[in-house]
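Q: Got a structure here, written out as structure tokens. Questions coming.
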Amino acid sequence: MPDEAVSAGIPGPDAAEAEALAADARMVRSVGRRLVAWAAGTTFLVLVVLAIALYVSVSGTLEASGIKQLDSRVEAVRHAVEEPGPGRPRPRPGQDDLPTGFIFGTGTFAIILQGDGTVLAPRSTDLIEGMPNAASLAAAVASGRDVRTTTVEGTPVRLVTEPLESEIGTVYVQVYQDRTAEQSTLQGLLAVLLAGGVVVVLVAIGFGTVYSRRALIPIRESLAAQRAALRRQREFAADASHELRTPLTVIRASVEHLRRHRDKPVAAVGEALDDIGAEVDHLTRLVEELLLLARSDSGAVSLERLPVDLGDVAADAAGSLAGPAREQGVRVEVDPEPAVVAGDAARLRQLVLILVDNAIGHSPPGGSVRVAVRRDGSSAVLTVEDEGRGLRPEDLPRLFERFWRGAGAPPGGAGLGLAIAAWIADGHAGTIQAANREPGGARFTVRVPLVEAAAPGRPSA
Amino acid sequence: MHLLVIEDDERLGRVLKRLLEEDRHVVDLAVDGETGLDLAEADGIDAVILDIGLPDISGLEVARRLRKRGTETAILMLTARDTVSDRVTGLDAGADDYLVKPFAYEELSARLRALARRAEPGPRRPEPRLEVGPIALDEAGRRVTVNGRPVDLSPREFSLLECFLRHPGQTLTRDQLLDQAWPYSVAVTPNAVDAYVHYLRTKLGDAGSRVETVRGVGYRLSDA
Numbered sequence: 002m003p004d005e006a007v008s009a010g011i012p013g014p015d016a017a018e019a020e021a022l023a024a025d026a027r028m029v030r031s032v033g034r035r036l037v038a039w040a041a042g043t044t045f046l047v048l049v050v051l052a053i054a055l056y057v058s059v060s061g062t063l064e065a066s067g068i069k070q071l072d073s074r075v076e077a078v079r080h081a082v083e084e085p086g087p088g089r090p091r092p093r094p095g096q097d098d099l100p101t102g103f104i105f106g107t108g109t110f111a112i113i114l115q116g117d118g119t120v121l122a123p124r125s126t127d128l129i130e131g132m133p134n135a136a137s138l139a140a141a142v143a144s145g146r147d148v149r150t151t152t153v154e155g156t157p158v159r160l161v162t163e164p165l166e167s168e169i170g171t172v173y174v175q176v177y178q179d180r181t182a183e184q185s186t187l188q189g190l191l192a193v194l195l196a197g198g199v200v201v202v203l204v205a206i207g208f209g210t211v212y213s214r215r216a217l218i219p220i221r222e223s224l225a226a227q228r229a230a231l232r233r234q235r236e237f238a239a240d241a242s243h244e245l246r247t248p249l250t251v252i253r254a255s256v257e258h259l260r261r262h263r264d265k266p267v268a269a270v271g272e273a274l275d276d277i278g279a280e281v282d283h284l285t286r287l288v289e290e291l292l293l294l295a296r297s298d299s300g301a302v303s304l305e306r307l308p309v310d311l312g313d314v315a316a317d318a319a320g321s322l323a324g325p326a327r328e329q330g331v332r333v334e335v336d337p338e339p340a341v342v343a344g345d346a347a348r349l350r351q352l353v354l355i356l357v358d359n360a361i362g363h364s365p366p367g368g369s370v371r372v373a374v375r376r377d378g379s380s381a382v383l384t385v386e387d388e389g390r391g392l393r394p395e396d397l398p399r400l401f402e403r404f405w406r407g408a409g410a411p412p413g414g415a416g417l418g419l420a421i422a423a424w425i426a427d428g429h430a431g432t433i434q435a436a437n438r439e440p441g442g443a444r445f446t447v448r449v450p451l452v453e454a455a456a457p458g459r460p461s462a
Numbered sequence: 029m030h031l032l033v034i035e036d037d038e039r040l041g042r043v044l045k046r047l048l049e050e051d052r053h054v055v056d057l058a059v060d061g062e063t064g065l066d067l068a069e070a071d072g073i074d075a076v077i078l079d080i081g082l083p084d085i086s087g088l089e090v091a092r093r094l095r096k097r098g099t100e101t102a103i104l105m106l107t108a109r110d111t112v113s114d115r116v117t118g119l120d121a122g123a124d125d126y127l128v129k130p131f132a133y134e135e136l137s138a139r140l141r142a143l144a145r146r147a148e149p150g151p152r153r154p155e156p157r158l159e160v161g162p163i164a165l166d167e168a169g170r171r172v173t174v175n176g177r178p179v180d181l182s183p184r185e186f187s188l189l190e191c192f193l194r195h196p197g198q199t200l201t202r203d204q205l206l207d208q209a210w211p212y213s214v215a216v217t218p219n220a221v222d223a224y225v226h227y228l229r230t231k232l233g234d235a236g237s238r239v240e241t242v243r244g245v246g247y248r249l250s251d252a
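Sequences listed follow chains B and P, in order. Sequence positions in the first sequence follow the numbering used here and run 2 to 462. Sequence positions in the second sequence follow the numbering used here and run 29 to 252.
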């Protein structure tokens, strides 16, 4: 009985599977996004830490060298004031012969002043607006030394104020340094770090996207393969239960019939008993086939790899069907040639039985089924030919699918035989093909590698 | 009832026919959709038992075509598929009821009775029982009694009586009776109707006179 699904064409992904596939795609995309976010985030964090370290280090170095410059100027002034030799000037208001004011080589500007803020040197006309810095002076008066940054007339400066011991008592030296160059260096550095950071993060996102996509391809594919496997399993279960239901219905109804005629002799209900027997046989075969296919799917069936003469196996298997075939008026002719392959004798026998049984089923009364085994190069070739109506071209692509039954298939089968035959051929590193013969009828060809591929015929005595 | 079973599994078809005939139904059997369609169109079929998985056209398509042609015959669909969407598809295709294999025969039988009740005009009968005067036909037990005494009828006689009881007071032509009580696979002449009506009258005893001959037309069961 043909499966309903067959008339509906090859079953594709159903709605539930499409939904699952979409969910998988969403999941993979979100994993991809997270990967990219992690890559970009990590890159960003590393960059920020590096940038801060670089900035702190550079600005520290610049500050240290600036302070060193200021200190050397302070020392120069101290030297002039604290160790007045003969002819050396003493600090006094308006003085201009002490090393104060702007000295080009040092890039600094020095003032000598008293604790109350009175400038002793240089002359007040040489001072710039905003000098001296009262706050720094106050701090130095209180604690001895003060270093700070501020602005003078809009120019960023660093200044240090230190006490000096002079002949007129404690005076203070206040040295200014222009920080414009230092600041622009730091700003330049900051700009480079920010721009570089943005570029690197963008590049990280770009590469992250590309690589995560590439890395997720196998995951995407394996998910899709899993979904497809699940679908095949679901279809297999549905098809299997479908095939089991009709025989069960017959058995159930026949049992009902027997119950009604409990008191009748067995001969009177023989037909019902025959039906039950036939269906039980049918179910038994079906269950065995299903079990074999299910096990082959899970890899639980292993094939033996022993030297087997395919010719012997074919002759024996086909011969065992010759008797039943004769009852249907079909002749089975076997033409074997020795061909030793590495294989599982029981499975190879099953393969021959399936093909020959099929051929008999499709043979018209008076027809004959020809079974032949030949050596062809490195292969053993088994052919099974019948004189039936042949195969419909539209059936060819699906012939070896499970539960596939072409229109006009003889009753009783579940469409598993050829699927099993294909599995057996495949398990022997072989192939199976179906084709129509010229005068009419079908031909199945199985090719299995020979054990001694180069063996030239029979050794001569 | 005159039933048409469209089932491609030979054994299942045969078993169903055997059981249904034991219950005194008239059964025609078709093993493919096209044959089934032809037979279902014929007069006198009360219900079609339709398998979905057919070799030529699917049972769903058979149901659709029957409904498209305006056939009102009850359709009971049989299928091995049991998902909700399968059932919905079956019912939407025009089936009146739906049975999933493997089913119990009693259930099939009860559902057929329900379909028959639904097909009758007028108020629903609470019991699966057809009664006119002293004649009573128990649909579930497939038994006939006259004044409470069981009467043993052959399947054909049973079908004829069932036909009369379903249409009390109505004149039924020989052809109508033929369609109802004989499978199409059996070639019979209208004269056979006369013979079987005669047997039926005899077996019903006194109540047999209720089956009246309408000269030149056919027969009528008097419900007065």
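The C-beta atom is built at its ideal place from N, Cα and C for all residues, glycine as well.
(1) Below 8 Å on the Cβ atoms is my contact criterion, and I expect threonine 285/B with lysine 129/P to pass it. Report the Cβ-Cβ distance as a whole number of Å.
(2) Nearest to valine 211/B by alpha carbon, out of Ala38/B, Leu397/B, Ala415/B?
(3) Does the beta carbon of methionine 2/B come closer than 8 Å to any beta carbon on chain P?
(4) Our contact map puts arginine 448/B next to glycine 431/B with C-beta atoms below 8 Å; I'd like the distance itself, whole angstroms only.
(5) Would you call the stretch 177 to 189 of chain P in contact with the stretch 223 to 233 of chain P, where contact means no fewer than 3 C-beta pairs closer than 8 Å?
(6) By the three-class DSSP mapping on this structure, what secondary structure does tyrosine 212/P have?
(7) Measuring alpha carbon to alpha carbon, tell me which of Asp179/B, Ala360/B, Ala16/B, Leu138/B ends up nearest glutamine 329/B.
(8) If you measure beta-carbon to beta-carbon, which residues of the stretch 42 to 60 of chain P are closer than 9 Å to chain B?
(9) Might you give, ordered along the chain, the residues of its own chain that have their beta carbon closer than 8 Å to the beta carbon of phenylalanine 208/B, omitting 5 neighbours on each side?
(10) Within 10 Å of its beta-carbon, does isoleucine 355/B have 16 or more other beta-carbons around it, so buried, or fewer, so exposed?
(11) If you measure between the beta carbons of threonine 101/P and alanine 144/P, is that distance less than 8 Å?
(12) What does the alpha-carbon distance come out to for the pair valine 335/B and glycine 312/B?
(13) Report the residue from Thr107/P, Thr241/P, Arg146/P whose alpha carbon sits nearest the alpha carbon of alanine 11/P.
(14) Could you check whether the stretch 77 to 96 of chain P touches the stretch 433 to 450 of chain B, counting it as contact only if at least three pairs of C-beta atoms, one from each stretch, sit closer than 8 Å?
(15) Roughly how many angstroms separate the alpha carbons of threonine 241/P and leucine 205/P, rounded to a whole number?
(16) Expressed to the nearest angstrom, what Euclidean distance is found between the alpha-carbon atoms of glycine 161/P and histidine 53/P?
(17) Does the count of Cβ pairs from the stretch 333 to 349 of chain B and the stretch 305 to 323 of chain B closer than 8 Å reach three?
(18) Does DSSP put histidine 243/B in a helix, in a strand, or in coil?
(19) In chain P, what lies closer than 7 Å to aspartate 1/B by C-beta?
(20) Is the beta carbon of alanine 192/B sitting closer than 8 Å to the one on leucine 22/B?
(21) Taking the continuous alpha helix (DSSP H) assigned at proline 218/P, which residues delimit it?
(22) Answer yes or no: does any C-beta atom of chain B fall closer than 8 Å to that of alanine 235/P?
(23) If you count every other CB in all the chains shown that lies within 10 Å of the CB of glutamine 188/B, and 16 or more means buried, which is it?
(24) For valine 174/B, tell me which candidate among Ser255/B, Ile218/B, Gln115/B has the shortest Cα-Cα distance.
(25) From the DSSP secondary-structure annotation, give me the bridge partner or partners of serine 380/B.
(26) Say whether chain B places a C-beta atom closer than 8 Å to the C-beta of proline 130/P.
(27) Any beta carbon of chain P sitting closer than 8 Å to that of leucine 451/B?
(28) Report the residue from Arg371/B, Ser364/B, Gly368/B, Ala319/B whose alpha carbon sits nearest the alpha carbon of leucine 352/B.
(29) Could you check the C-alpha separation between leucine 194/B and leucine 128/B for me, to the nearest Å?
(30) Starting from histidine 80/B, trace the alpha helix (DSSP H) in both directions and tell me its first and last residue.
(31) So, is the C-beta of tyrosine 212/P closer than 8 Å to a C-beta in chain B?
(32) I'd like to know whether the C-beta atoms of threonine 109/B and glutamine 184/B end up nearer to each other than 8 Å.
(33) Determine the DSSP secondary structure at serine 250/P, reduced to helix, strand or coil.
(34) For a contact meaning CB atoms closer than 7 Å, what does glutamate 280/B contact in chain P?
(35) Spell out whether any CB of chain B is found under 8 Å from the CB atom of arginine 139/P.
(36) Does the beta-carbon of alanine 9/B have 16 or more other beta-carbons within 10 angstroms, so that it is buried, or is it exposed?
A: Well, looking at it:
(1) The residue labelled residue 285/B in the question sits at position 284 within the first sequence. The residue labelled residue 129/P in the question sits at position 101 within the second sequence. The beta-carbon separation of threonine 285/B and lysine 129/P, rounded to 19 Å, does not stay under the 8 Å limit for a contact.
(2) For the purposes of this step, residue 211/B is taken as residue 210 along the first sequence, with counting starting at 1. Comparing Cα positions, the closest option is Ala38/B.
(3) Taking the first sequence and counting its residues from 1, the one referred to as residue 2/B is at position 1. Per-residue confidence for methionine 2/B stands at a pLDDT of 41, beneath the threshold of 50, marking its modelled position as unreliable; the derived number appears in the next sentence. Judged by the 8 Å Cβ criterion, methionine 2/B is in contact with chain P.
(4) Locating residue 448/B in the first sequence gives position 447, where the first residue counts as 1. Locating residue 431/B in the first sequence gives position 430, where the first residue counts as 1. Confirmed, Cβ separation roughly 5 Å.
(5) The stretch 177 to 189 of chain P vs the stretch 223 to 233 of chain P: in contact.
(6) By 1-based counting over the second sequence, the position of residue 212/P is 184. Under the three-state reduction of DSSP, tyrosine 212/P is assigned to coil, being neither helix nor strand.
(7) On the first sequence, position 328 is the one that residue 329/B refers to. When each option's Cα is compared against that of glutamine 329/B, the closest is Ala360/B.
(8) Correct list: Arg42, Val43, Leu44, Arg46, Leu47, Glu50.
(9) One-based indexing of the first sequence puts residue 208/B at position 207. When the five nearest sequence neighbours on each side are left out, the beta carbons in the same chain lying within less than 8 Å of the beta carbon of phenylalanine 208/B are those of Ala40, in order along the chain.
(10) One-based indexing of the first sequence puts residue 355/B at position 354. Residue burial annotation: isoleucine 355/B is buried, with at least 16 other C-beta atoms found within 10 angstroms of its C-beta.
(11) Taking the first residue of the second sequence as position 1, residue 101/P is located at position 73. Taking the first residue of the second sequence as position 1, residue 144/P is located at position 116. No, Cβ-Cβ distance for threonine 101/P and alanine 144/P is not below 8 Å.
(12) Counting from one through the first sequence, the residue named residue 335/B turns up at place 334. Counting from one through the first sequence, the residue named residue 312/B turns up at place 311. Straight-line Cα distance between these residues: approximately 9 Å.
(13) Lying before the first or after the last residue shown, residue 11/P is absent from chain P, which here runs from 29 to 252.
(14) With the cut-off at 8 Å, the stretch 77 to 96 of chain P and the stretch 433 to 450 of chain B do not touch.
(15) Taking the first residue of the second sequence as 1, we reach residue 241/P at position 213. Taking the first residue of the second sequence as 1, we reach residue 205/P at position 177. Taking the straight line joining both Cα atoms gives about 13 Å.
(16) Mapped onto the second sequence, residue 161/P falls at position 133. Mapped onto the second sequence, residue 53/P falls at position 25. Those two C-alpha atoms are separated by around 23 Å.
(17) Judged by Cβ distances under 8 Å, the stretch 333 to 349 of chain B makes contact with the stretch 305 to 323 of chain B, as three or more pairs qualify.
(18) Residue 243/B sits at position 242 when you count from the first residue of the first sequence. In the structure shown, histidine 243/B sits in a helix (DSSP, three-state: H, G or I).
(19) Residue numbering for chain B in the displayed model covers 2 to 462; residue 1/B lies beyond these limits and cannot be assessed.
(20) As a working note, residue 192/B is residue 191 in the first sequence. As a working note, residue 22/B is residue 21 in the first sequence. No.
(21) Here residue 218/P refers to the residue found at position 190 of the second sequence. 218 to 232 is the extent of the alpha helix (DSSP H) around proline 218/P.
(22) Here residue 235/P refers to the residue found at position 207 of the second sequence. Under the 8 Å criterion on CB atoms, alanine 235/P is classed as non-interfacial with respect to chain B.
(23) Residue 188/B sits at position 187 when you count from the first residue of the first sequence. By the neighbour-count definition (other C-beta atoms within 10 Å, threshold 16), glutamine 188/B is an exposed residue.
(24) Locating residue 174/B in the first sequence gives position 173, where the first residue counts as 1. The shortest C-alpha separation from valine 174/B is found at Gln115/B.
(25) Walking along the first sequence from the start, residue 380/B turns up at place 379. In the DSSP assignment, serine 380/B is bridged to Asp377/B, Pro450/B.
(26) If you number the second sequence from 1, residue 130/P lands on position 102. Output row for proline 130/P: interface = yes.
(27) What you label residue 451/B is simply residue 450 of the first sequence in a count that begins at 1. It does not: the Cβ of leucine 451/B has no partner Cβ on chain P nearer than 8 Å.
(28) Sequence index remark: in the first sequence, residue 352/B carries index 351 (1-based). Out of Arg371/B, Ser364/B, Gly368/B, Ala319/B, Ala319/B has the C-alpha closest to the C-alpha of leucine 352/B.
(29) The residue you call residue 194/B lines up with position 193 of the first sequence. The residue you call residue 128/B lines up with position 127 of the first sequence. Straight across, the Cα-Cα distance linking leucine 194/B with leucine 128/B is about 39 Å.
(30) Stepping through the first sequence from its first residue, residue 80/B is reached at position 79. In the DSSP assignment, histidine 80/B falls within the unbroken alpha helix (DSSP H) covering 16 to 83.
(31) Stepping through the second sequence from its first residue, residue 212/P is reached at position 184. False, the Cβ-Cβ gap to chain B never drops below 8 Å.
(32) Counted from its first residue, the first sequence places residue 109/B at position 108. Counted from its first residue, the first sequence places residue 184/B at position 183. No, these two residues do not count as a Cβ contact at 8 Å.
(33) What you label residue 250/P is simply residue 222 of the second sequence in a count that begins at 1. Secondary structure of serine 250/P (DSSP, three-state): coil.
(34) Within the first sequence, numbered from 1, the residue matching residue 280/B stands at position 279. Chain P residues near glutamate 280/B: Arg39.
(35) The residue labelled residue 139/P in the question sits at position 111 within the second sequence. Nearest CB-CB separation between arginine 139/P and chain B: not below the 8 Å threshold.
(36) For the purposes of this step, residue 9/B is taken as the residue at position 8 of the first sequence. Low local confidence applies: a pLDDT of 34 at alanine 9/B is under 50, so the model's placement there is unreliable, with the coordinate-based value given in what follows. With a threshold of 16 other beta carbon atoms within 10 Å, alanine 9/B falls short and is exposed.
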